[in-house]
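**Student:** Using full-length UniProt numbering, read the sequence shown as starting at 1 and increasing by one per residue. Backbone N, C-alpha and C define an ideal beta-carbon position, used for all residues, glycine too. Have a look at this one.
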Amino acid sequence: MYTELNSILNTTPDSFTQGEFVLLSDRQSDASFLIHHFLSLYLRARCKVCFVGLVQSFNHYSAISQRLGVSLTQAKEKGQLVFLEGQKESLSVLIPQENDTGSQAMDFLRDPSVGLKSLYEFVRSAVSSNGEGGGDGTEEWGPPVLLVDDLSVLLSLGVSAGAVLDFSHYCRAIVCSQLQGNVVMLVRCDGEGEEDEGDDEGSERLMKGLTHQCSLTLHVQGLPTGYCRDIHGQVEVCWRRRQGDGQYTQKKLFQYKVHDKGASFFAPGTSSAVL
């Protein structure tokens, strides 16, 4: 958990906005450190967390969370964390083993055209079982949180951008609207600019669709001046709020440097607001 980022977002484990859909994105950079930040933040806040990890193993996330002062193993044992290890689950679908007891969340791999209903059902079940805590079943958690790292992987597995947007919409409906929890999703943008408008299955279409759904975006990119040893890149933070009959948008740009146990953020003074 990065305290400087919490200050920028006006968030702490004891006080954070509920019902929020946070979109993380990157272009020619790596926004993974933001996933680790929000994971540690919500676990410290005693939220019930469903983490769909499509990129790395549980051990990878666990090792980084340990450096941030959070134990994913303990969170799993207590029932606070439900973790879907996408790589492992994918293998169980593609190479079935006898007496396989894995979940069916990745069943869409058999036929990507059927959509992500099985993955959504996994999420719905995980976030709805909020009252199931530790071994005696008496521990209760705060509002549910869904984290996905990263949504772009589904495109590479043959799922259409439309199906992924439907998945995010239904997840937002149950987690943010119905249960007043939060959703955090990471999506990667390919290339240096937007894809052709005719490419309706690309990451840019996914990015645009998710941007319309979210209330907060953090977009990570490299410095326009190129590599710098003391600054790793910049993050554009954009807040979207309903105001009257319209939408209020505020943007701020921060430079950052990631350390082994945290990150530093520097504000170059760029800010804008649009009604």
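Whole angstroms is fine: what's the gap from residue 157's alpha carbon to residue 214's?
**Tutor:** Straight-line Cα distance between these residues: approximately 24 Å.
**Student:** Between the C-alpha atoms of residue 110 and residue 24, what's the straight-line distance to the nearest angstrom?
**Tutor:** C-alpha separation (whole angstroms): 28 Å.
**Student:** Quick check on the DSSP output: the alpha helix (DSSP H) that includes residue 90 runs from which residue to which?
**Tutor:** First-last of the alpha helix (DSSP H) with residue 90: 86-94.
**Student:** Straight-line CA distance for residue 93 to residue 7?
**Tutor:** Distance between the alpha carbons of residue 93 and residue 7 is about 43 Å.
**Student:** Could you pull out every residue in the same chain whose Cβ sits closer than 6 Å to the Cβ of residue 209, ignoring the five residues on either side in sequence?
**Tutor:** Excluding residues within five positions, the ones whose Cβ falls inside 6 Å are 165.
**Student:** Taking the straight line between their C-alpha atoms, what separation do you get for residue 196 and residue 71?
**Tutor:** Here the model assigns residue 196 a pLDDT of 44, short of 50, so the residue's position is not dependable, and the following value carries that caveat. Rounded to the nearest angstrom, the two C-alpha atoms are 44 Å apart.
**Student:** Report buried or exposed for residue 26, applying the criterion of at least 16 other Cβ atoms within 10 angstroms of its Cβ.
**Tutor:** Its Cβ being crowded by 16 or more others within 10 Å, residue 26 is buried.
**Student:** Is there contact between the stretch 35-47 and the stretch 230-241, where contact requires at least three CB pairs shorter than 8 Å?
**Tutor:** The stretch 35-47 is not in contact with the stretch 230-241.
**Student:** Under a three-way DSSP split, which group does residue 211 fall into?
**Tutor:** Residue state, collapsed to three classes: helix.
**Student:** Cβ of residue 203 within 9 Å of Cβ of residue 188?
**Tutor:** In contact: residue 203 and residue 188 (Cβ atoms closer than 9 Å).
**Student:** Can you tell me the Cα-Cα spacing of residue 249 and residue 19, whole angstroms?
**Tutor:** Taking the straight line from one Cα to the other gives about 18 Å.
**Student:** Could you tell me whether the Cβ atoms of residue 112 and residue 159 are closer together than 9 Å?
**Tutor:** A contact, by the Cβ cut-off of 9 Å.
**Student:** Restricting to Cα atoms, I'd like to know which of 80, 225, 87, 172 is closest to residue 57.
**Tutor:** Of the listed residues, the one whose Cα sits closest to residue 57 is 87.
**Student:** Give me, in chain order, the residues of the same chain whose beta-carbon lies closer than 8 Å to that of residue 206; leave out the 5 immediate sequence neighbours on both sides.
**Tutor:** 151, 152, 155, 161, 164, 165, 187.
**Student:** Could you name the residues that DSSP lists as bridge partners for residue 240?
**Tutor:** 249, per the DSSP bridge assignment.
**Student:** Please report how far the alpha carbon of residue 146 lies from the alpha carbon of residue 223, in whole angstroms.
**Tutor:** The straight-line gap from Cα to Cα measures roughly 30 Å.
**Student:** To the nearest angstrom, how far is the alpha carbon of residue 234 from that of residue 253?
**Tutor:** C-alpha separation (whole angstroms): 7 Å.
**Student:** Return the residue from the list 4, 242, 63, 42 that minimises the CA-CA distance to residue 15.
**Tutor:** Comparing Cα positions, the closest option is 42.
**Student:** Please determine, among 115, 258, 266, 241, the residue with the shortest C-alpha to C-alpha distance to residue 30.
**Tutor:** Measuring from the Cα of residue 30, the nearest candidate turns out to be 258.
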